[in-house]
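S.K.: Quick one: structure below, then a few questions.
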Amino acid sequence: MTTVLDGHGLSVRFGDLQVLDGVDFAVQPGEAVGIVGPNGAGKTTMLNVLAGAIRPQQGTVRFEGRDVTRTRPDQRCRMGVGRAFQVPRPFGGMTVLENVVVAASYGGDLKGRRAYARAADVLDECGLAEIANRRAESLGLLHRKRLELARCLATTPKVVLLDEIGAGLTDAEAAELVDAVRHIKQGGTAIVWIEHIVHVLVQVVDRLVCMDTGRVIADGDPAEVLKDAVVIDAYLGKATS
Amino acid sequence: MSERWTVIRSGTPTRISASVLVVVGIAMFGVPFAFRTDIVQQLTTLCTLLIMAMMWNVLAGYGGLVSVGQQAFIGFGAYATIFLTQRDVPAYLAIVLAAVASGILAIALAPLLLRLRGGQFAVGTWVVAEALALLVALDEELGGGTGVSLRGLNAITPDWRRAYTYWLTLAFTLLLLTLVFLLLRRRSGAAIRAIRDDEEAAASLGVRVKPLKFMLFVLAGFGCGAAGALTLANTLFIQPQSIFGVQWSAYMLFMVLVGGIGTYEGPILGAILFFLLQDWFAQYGAWYLIGLGVVAIAFALFLPRGLWSLADDRLPFRLLPVGYALRPAR
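Protein sequence lines correspond, in order, to chains W and F. Just so you know, we're using UniProt numbering here: the first sequence kicks off at 1 and counts up by one. Just so you know, we're using UniProt numbering here: the second sequence kicks off at 1 and counts up by one.
This is the structure we're talking about:
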């Protein structure tokens, strides 16, 4: 089976800092993969490489088997790589609806009424229809996060890259987002999800990847990975040093 | 379409207001038949200011490209007109060709200038303007530093000349208003406003940022070139120091900020307000400039979204069908 998105030997260096060190990563169609790891492990950088915002010094990224290492973020989005930022980045001067229309008409490559229909559907699905005509800059954090997710979905992605969308939310709010992500997964879209709140993550993902200092240190069944001694060391420090 | 919600672009009030604006625009062609020529000339000035404000808004308000060098195109448009009339091209045709030439200049400069960001872009455009001013000042054929008159309009009686110039200026104004409207009405409108708010996020949603910015830059080059050529036709004399002067950028910035940056209507209001201020306070010399500065600072502090935001927040509908609204489906 062709993977929907994969990276081979990805290396990124910022000056003297090796942020990614020969990482291999793959996600299958419809699969949900969680990424955990301490701060500075290279998680967000990896997402940036997969989305095309950062070009790796070494390694290749492939989307459905095609080499996209040198493909721009906007092209990757139109191919089917959706992305939600860690800190939501709404277009503040536009309404919630207009934010989603941009995503549907460009990322989703839909024209006119079909783009509007897609935007209306997604807003309804994400519980934003009631506030669709408000300026995005007036939204609170939960609504901003939902808008971030809605825009990403409006591009009709085959894989979505989620970066800590649960951060800063209460447990109840996070639970709402989990439902939303589960819904995306049920629709057959693959998911790559970075999250610090591990108990939230394991409710949805099929597979868990743990990163530390630019490398993948564990990859497999979520329960197994969380029991892995190396993973516990990375998070809590070594028991014997 | 979603079963419960539907997207609409315009309601009846918007259709009525848009029709009224179109009728007013066309009716403006009748002004020379009903008013004195000094009023016609003043309206020509207002229209050129409006073009400049609109074009600066296209760049900074929609593209996030803050230019302090649009006078490069204003000056180029004016001097291209001189250059063409010296080669026996009829003056009014020369104005149109000069505007097109300014658009071509923008195409040529885009690969260089659009690589620059933020403050670099602002300074880069200014450098281009100063370089062009120097080149023109060194060219004796174009009048050098002392300036040059537009010939070829002497054959027409002053009243008709002013009327013709006004009609051409109005035609350019309406053409550019229509182009910007179409840009906003189509899906590119949502995309350029997205680029204005967050370029990287726009790209992550599939927006091709570079071609859109290129289009805005070329449109602004064309429009500012037209404004420069029309300013020459209105005043009949130019000097490189003034037509390439950075004061044009200050005026454009003022009009757009005071009217409402990133809105269609804002620059129109800003141009009208600036025109009136210029008319009322020009006799006070330096105090006039200080007054402009005070007004600009007051707007930045107390009404950062400009005059238009006052109306926009209160009107239950939009004047033009460029927005989107979600309504429950029937």
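Using N, Cα and C, we set each Cβ at its ideal position, and we do this for glycine too. It should be emphasised that the depicted structure is a prediction, and the values quoted were computed from it without experimental measurement.
#1: Going by beta-carbon coordinates alone, are I238/F and G147/F separated by less than 8 Å?
#2: Using beta-carbon positions only, say whether T155/W and L205/F come within less than 8 Å of one another.
#3: Taking a contact to mean a Cβ-Cβ separation below 8 Å, would you say A53/W touches R187/F in this structure?
#4: Cβ closer than 9 Å: which chain W residues qualify as neighbours of R4/F?
#5: Taking only the alpha-carbon atoms, compute the straight-line gap between residue 331/F and Q71/F and give it to the nearest angstrom.
#6: Looking at the secondary structure, which residues open and close the alpha helix (DSSP H) in which T12/F lies?
#7: Anything in the region 199 to 231 of chain F with a Cβ closer than 8 Å to a Cβ of chain W? List those residues in chain order, please.
#8: From the DSSP output, in three-state form, read off V61/W for me.
#9: Is there at least one Cβ from chain W nearer than 8 Å to Y264/F's Cβ?
#10: Are there 16 or more other CB atoms within 10 angstroms of the CB of V204/W, so buried, or fewer, so exposed?
#11: Mind pulling the chain F residues with CB within less than 8 Å of N133/W?
#12: Take L230/F and list the residues in its own chain whose beta-carbon comes closer than 6 Å to its own, dropping the five residues that flank it on each side.
#13: Note down the Cα distance separating L182/F from L17/W, rounded to an integer number of angstroms.
#14: Could you name the residues of chain W that R193/F contacts, counting a contact when the two beta carbons are closer than 9 Å?
#15: Of all the residues that make up the region 169 to 192 of chain F, which are near chain W by a beta-carbon distance shorter than 8 Å?
#16: For Q41/F, tell me which candidate among A286/F, I51/F, T165/F, Y62/F has the shortest Cα-Cα distance.
#17: Given this structure, state the Cα-to-Cα distance separating V200/W from L301/F, to the nearest angstrom.
#18: Given that a residue counts as buried once 16 or more other Cβ atoms are within 10 Å of its Cβ, and exposed if not, what is S304/F?
#19: Is V294/F buried or exposed, if buried means 16 or more other CB atoms sit within 10 Å of its CB?
#20: Does the region 59 to 75 of chain F come close enough to the region 259 to 270 of chain F to have 3 or more Cβ pairs within less than 8 Å?
#21: What in chain F is Cβ-close to Y106/W, meaning under 9 Å?
#22: For A223/W, count neighbouring Cβ atoms within 10 angstroms of its own Cβ and tell me buried if that reaches 16, exposed if not.
#23: What residues of chain F sit near T155/W, judged by a beta carbon separation below 8 Å?
#24: List the DSSP bridge partners of R146/W.
#25: Three-state secondary structure (DSSP) at V209/F?
#26: Taking beta-carbon pairs under 8 Å, can you tell me which members of the region 52 to 68 of chain W lie near chain F?
#27: Is it true that the region 210 to 223 of chain F meets the region 81 to 89 of chain F, where meeting means three or more beta-carbon pairs spaced less than 8 Å apart?
#28: Answer yes or no: do S149/F and L236/F have a C-beta to C-beta separation smaller than 8 Å?
#29: Quick one: what does DSSP say S241/W is sitting in, helix, strand or coil?
#30: Any C-beta of chain W within less than 7 Å: which residues of the region 41 to 69 of chain F qualify?
#31: From this set, A131/F, A133/F, V127/F, E200/F, which residue's C-alpha is nearest V87/W's C-alpha?
#32: Within 8 Å (strictly less), CB to CB, does D279/F reach chain W?
#33: Over the uninterrupted beta strand (DSSP E) stretch that includes M255/F, give me the two end residues.
#34: If you run the structure through DSSP and keep just helix, strand and coil, what is A325/F?
#35: Distance cutoff 8 Å, beta carbons only. Does C210/W sit that close to anything in chain F?
#36: Does the separation of the CB atoms of A191/F and V180/F fall below 8 Å?
M.R.: Reading it off the structure:
#1: Cβ distance < 8 Å, so I238/F and G147/F count as in contact.
#2: Yes.
#3: In this structure, the beta-carbon distance from A53/W to R187/F does not fall below 8 Å.
#4: Under the 9 Å cutoff, chain W gives A120, D124, A129.
#5: Outside the displayed span of chain F (1 to 330) sits residue 331/F, for which this structure offers no information.
#6: Residues 12 to 27.
#7: Near chain W, meaning a CB-to-CB distance below 8 Å, the residues of the region 199 to 231 of chain F are E200, A201, A202, A203, S204, L205, G206, V207, R208, V209.
#8: V61/W sits in a strand when the DSSP states are folded into three classes.
#9: Output row for Y264/F: interface = no.
#10: With 16 or more Cβ atoms within 10 Å of its Cβ, V204/W is classed as buried.
#11: Close partners of N133/W in chain F (Cβ separation under 8 Å): A325, L326.
#12: Counting only Cβ-Cβ distances below 6 Å, and skipping sequence neighbours, we find T48, T169.
#13: Taken atom to atom, the span from the alpha-carbon of L182/F to that of L17/W is near 48 Å.
#14: R193/F reaches chain W at F91, G93, M94, E98, V102, counting residues in chain order whose Cβ is nearer than 9 Å.
#15: Identification of residues in the region 169 to 192 of chain F having a C-beta nearer than 8 Å to some C-beta of chain W yields R187, A190, A191, given in sequence order.
#16: Nearest in C-alpha terms to Q41/F, of all of A286/F, I51/F, T165/F, Y62/F, is T165/F.
#17: Separation of V200/W and L301/F (C-alpha to C-alpha, rounded to the nearest whole angstrom) is 44 Å.
#18: Note that residue 304/F is Pro in the sequence shown here, rather than Ser. Answer is exposed; the Cβ neighbour count stays below 16.
#19: By the neighbour-count rule (16 or more Cβ atoms within 10 Å), V294/F is not buried but exposed.
#20: Verdict: yes, contact present.
#21: Near Y106/W (Cβ distances below 9 Å), the residues of chain F are R187, A190, A191, A194, A202, L205, G206, V207, R208.
#22: Around the beta-carbon of A223/W, fewer than 16 other beta-carbon atoms lie within 10 Å, marking it exposed.
#23: Chain F residues near T155/W: L205, G206.
#24: According to DSSP, R146/W bridges with nothing at all.
#25: Helix, per DSSP.
#26: Under the 8 Å Cβ criterion, the region 52 to 68 of chain W contributes A53.
#27: Output reads no: the region 81 to 89 of chain F does not touch the region 210 to 223 of chain F.
#28: Their beta carbons are under 8 Å apart, which means S149/F touches L236/F by this criterion.
#29: Low confidence applies to S241/W: its pLDDT is 40, below 50, so where it sits in the model is not reliable enough to give any reading.
#30: Contact residues of the region 41 to 69 of chain F toward chain W are absent (C-beta to C-beta distance below 7 Å).
#31: Here the closest residue by C-alpha is E200/F.
#32: No, D279/F lies away from the interface with chain W (no Cβ there is under 8 Å from its Cβ).
#33: Per DSSP, M255/F belongs to no beta strand (DSSP E); it is in the alpha helix (DSSP H), 247 to 259.
#34: Looking at A325/F - three-state DSSP - the assignment turns out to be strand.
#35: The Cβ of C210/W sits no closer than 8 Å to any Cβ of chain F.
#36: Taking 8 Å as the cut-off, the Cβ atoms of A191/F and V180/F do not count as close.
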